[in-house]
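**Q**
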Amino acid sequence: MRAGLRTTVFVIASLAVAGMLLNRVAAPAWSAAREKQPALKLDSSMTAAGQGVTLALLGGFRALVADAAWMRMFARWEARDLPGVETLIHVVSAIDPRPAYFWMNGARIVAYDLPVWRIEAAGGFEAVTKPVQERIRREQAQQALRHIEAAMAFHPASADLWIERGSIELNKLGDLAAAAESFRRAWEQPHAPFYAARLHGELLRRQGKKTEALAWLIQLHPLQPPDPEEPKADVVLARIRALERDLGVPPARAFQPAR
């Protein structure tokens with residue numbers, strides 16, 4: 001049985017089992033609710049919703065089925081089954097899009113593991129030319145970014161997703177401008193880590209936008225949390241001073257942190 005077919009059979013079986021369990025538990029309550037709320041009485045046209053209705057009826061069992069599918073994906077990952085892994089990553093997120101963990105780790109696998117598997121399947125790094133390797137890496141990175149884009153519809157205020165996006169844009173595509181923007185967007189989200197803001201400033205500098213980087217870091221400096229390992233360290237101020245030297249800022253106009 002091919003990997004894709006085995007995956008499909010597994011998912012259908014999991015949904016069927018979860019559906020039976022849910023039906024036994026929820027059917028009486030659902031029947032009572034329909035009697036009290038006529039609007040809940042679905043006509044035949046609702047059957048066109050297909051998969052959406054099936055997933056909705058799973059209710060709390062969605063997490064259980066998604067966890068089982070993720071474990072199946074991990075087993076396929078260990079076997080380096082590229083089509084099986086790729087299919088199950090999307091299946092898991094479709095079954096239960098609520099955990100950002102599934103989305104982020106799925107994107108990482110697509111961006112970092114699958115290109116290596118594709119290159120090895122094509123003959124290995126010695127046999128595959130550098131341009132082809134680069135094309136494969138870019139294709140997988142773009143696919144991972146589309147996965148993250150889909151995740152953001154369910155997690156619009158996730159700093160972690162923006163950071164993951166920026167990391168792929170930086171490390172796999174070498175797109176400094178896009179990565180800088182993603183880290184800036186990450187910093188705008190609730191509970192964002194401070195390093196996202198620092199990375200935005202650093203990527204501005206690496207693009208040659210030193211004036212913008214300096215202005216950003218000066219604005220950022222008062223918000224810098226203390227480093228628990230080096231409480232006296234002032235990383236942002238050190239970067240500000242380096243930019244001031246590069247830009248030839250005279251000492252009289254140098255940034256003076258608040259005491």
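The sequence shown begins at 1 in our numbering and counts up by one. Ideal placement from N, C-alpha and C gives every residue a C-beta, glycine not left out. Computed from a predicted structure; not experimentally measured.
Short check: CB of residue 198 to CB of residue 176, under 8 Å?
**A** Not a contact, by the Cβ cut-off of 8 Å.
**Q** Measure the Cβ-Cβ separation of residue 122 and residue 141 and say whether it is below 8 Å.
**A** Their beta carbons are not under 8 Å apart, which means residue 122 does not touch residue 141 by this criterion.
**Q** Sorted by chain position, which residues of the same chain lie with C-beta nearer than 8 Å to residue 204's C-beta, five sequence neighbours on each side aside?
**A** Only 180, 210, 212, 213, 216 meet the Cβ criterion.
**Q** Using the rule of at least 16 other Cβ atoms within 10 Å of the residue's Cβ for burial, across every protein chain shown, is residue 131 buried or exposed?
**A** The residue in question, residue 131, is exposed, as its Cβ has fewer than 16 Cβ neighbours within 10 Å.
**Q** For residue 77 and residue 114, I'd like the C-alpha separation in whole angstroms.
**A** Distance between the alpha carbons of residue 77 and residue 114 is about 10 Å.
**Q** Considering only their Cβ atoms, is the gap separating residue 257 from residue 243 smaller than 8 Å?
**A** Taking 8 Å as the Cβ cut-off, residue 243 and residue 257 do not qualify as a contacting pair.
**Q** Does the separation of the CB atoms of residue 155 and residue 100 fall below 8 Å?
**A** In this structure, residue 100 lies closer than 8 Å to residue 155 by Cβ.
**Q** Indicate the three-state DSSP secondary structure (helix, strand or coil) for residue 51 in the structure shown.
**A** In this prediction, residue 51 scores a pLDDT of 47, lower than 50, which makes its location untrustworthy; no coordinate-derived value is stated.
**Q** Hey, how far is the Cα of residue 184 from the Cα of residue 218?
**A** Taking the straight line joining both Cα atoms gives about 15 Å.
**Q** Please name the residue in 194, 86, 247 whose C-alpha comes closest to that of residue 221.
**A** Minimum Cα distance to residue 221 is reached at 194.
**Q** Using only the alpha-carbon positions, how far apart do residue 246 and residue 157 sit?
**A** So the two alpha carbons sit approximately 36 Å from each other.
**Q** Given residue 86, which residues of its chain have a CB within under 8 Å of its CB, disregarding the five upstream and five downstream residues?
**A** These residues qualify, in order along the chain: 110, 114.
**Q** Helix, strand or coil, according to DSSP, for residue 158 in the structure here?
**A** If DSSP states are grouped into helix, strand and coil, residue 158 belongs with coil.
**Q** Out of curiosity, what's the CA-to-CA distance linking residue 98 and residue 70?
**A** Each residue's Cα considered, the two are about 14 Å apart.
**Q** Quick check on the DSSP output: the alpha helix (DSSP H) that includes residue 67 runs from which residue to which?
**A** Per DSSP, residue 67 belongs to the alpha helix (DSSP H) from 61 to 78.
**Q** Helix, strand or coil for residue 210, going by three-state DSSP, please let me know.
**A** Of the three classes helix, strand and coil, the one that applies to residue 210 here is helix, per DSSP.
**Q** Which residues in the same chain have their Cβ closer than 6 Å to the Cβ of residue 143, if we skip the five residues on either side of it in sequence?
**A** Answer for residue 143: 110, listed in chain order.
**Q** One question on the structure: do residue 107 and residue 159 come within less than 8 Å of each other, judged by their Cβ atoms?
**A** No.
**Q** Determine, using beta carbons only, whether residue 166 and residue 186 come nearer to each other than 8 Å.
**A** Contact flag set, yes.
**Q** Can you tell which of 103, 201, 102, 172 has its C-alpha closest to the C-alpha of residue 136?
**A** Checked all of 103, 201, 102, 172; the closest Cα to residue 136 is 172.
**Q** From residue 239 to residue 233, what distance separates their C-alpha atoms?
**A** Using only the alpha carbons, I get a separation of about 12 Å.
**Q** Helix or strand or just coil, what does DSSP make of residue 233?
**A** Residue 233: coil per DSSP, three-state reduction.
**Q** Taking its Cβ as the centre, do 16 or more other Cβ atoms sit within 10 Å of residue 35, making it buried, or is it exposed?
**A** Residue placement at residue 35 cannot be trusted, given a pLDDT of 48 that sits under 50; what the coordinates show is reported in the next sentence. The residue in question, residue 35, is exposed, as its Cβ has fewer than 16 Cβ neighbours within 10 Å.
**Q** Relative to the alpha-carbon of residue 163, which residue among 182, 93, 174 has its alpha-carbon at the smallest distance?
**A** Among 182, 93, 174, the Cα nearest to that of residue 163 is on 182.
**Q** Can you tell me whether residue 227 is buried or exposed, with buried defined as 16 or more other CB within 10 angstroms of its CB?
**A** Result: exposed.
**Q** Rounded to whole angstroms, what is the Cα-Cα separation between residue 125 and residue 64?
**A** Cα-Cα distance, rounded: 39 Å.
**Q** Apart from the five residues just before and just after residue 190, which ones in its own chain have a Cβ nearer than 8 Å to its Cβ?
**A** Excluding sequence neighbours, residue 190 sits near 157, 159.
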